[in-house]
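Here's the structure we're looking at; comments come further down.
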């Protein structure tokens with residue numbers, strides 16, 4: 071599985087960004103897909119994931135602000151991030167969990183929330 075993340079950038083507090091993660095090399099629709107983030111000096115933390123059936127999970131700090139979705143026809147998972155805060159600043163990594171296989175990671179995309 072190969073994952074290509076995109077969509078990061080610099081945004082002001084209160085702004086929005088949409089991250090995308092395009093997957094290739096596996097039966098995308100069967101995979102759990104999601105995002106972690108890692109701020110400087112911190113560990114990599116789970117942000118959200120979406121299962122093959124569409125159920126979702128969000129860490130508490132992003133509930134109500136972030137929305138994860140998937141387009142199986144495009145083999146892409148999205149993370150819509152609204153009401154961004156400076157503490158959301160991090161490198162965001164997408165991942166894929168194909169059934170019965172190890173986890174695969176994308177290359178990371180930097181999100182900076184600053185005025």
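In this note's numbering, the protein residues as written are 71 to 185. For every residue, glycine included, the Cβ atom is placed at its ideal position computed from N, Cα and C. In this text, all values refer to a predicted model and were calculated from it rather than measured experimentally.
Neighbourhood of residue i by C-beta, 8 Å cutoff - its chain only, sequence neighbours within 5 removed
i: residue 88; result: 77, 148, 149, 150, 151
i: residue 156; result: 83, 183, 184
Close beta carbons around residue i, own chain, < 6 Å, minus the five adjacent residues each side
i: residue 161; result: 108, 178, 180
i: residue 80; result: 182
i: residue 91; result: 73, 75, 147, 164, 176
Alpha carbon of residue i to alpha carbon of residue j, nearest angstrom
i: residue 144; j: residue 83; result: 30 Å
i: residue 95; j: residue 168; result: 10 Å
i: residue 93; j: residue 185; result: 33 Å
i: residue 120; j: residue 112; result: 24 Å
i: residue 110; j: residue 125; result: 30 Å
i: residue 132; j: residue 158; result: 9 Å
Distance CB(residue i)-CB(residue j) smaller than 8 Å
i: residue 173; j: residue 165; result: yes
i: residue 129; j: residue 141; result: no
Proximal residues to residue i (C-beta, below 7 Å), its chain only, five neighbours per side dropped
i: residue 99; result: 122, 142
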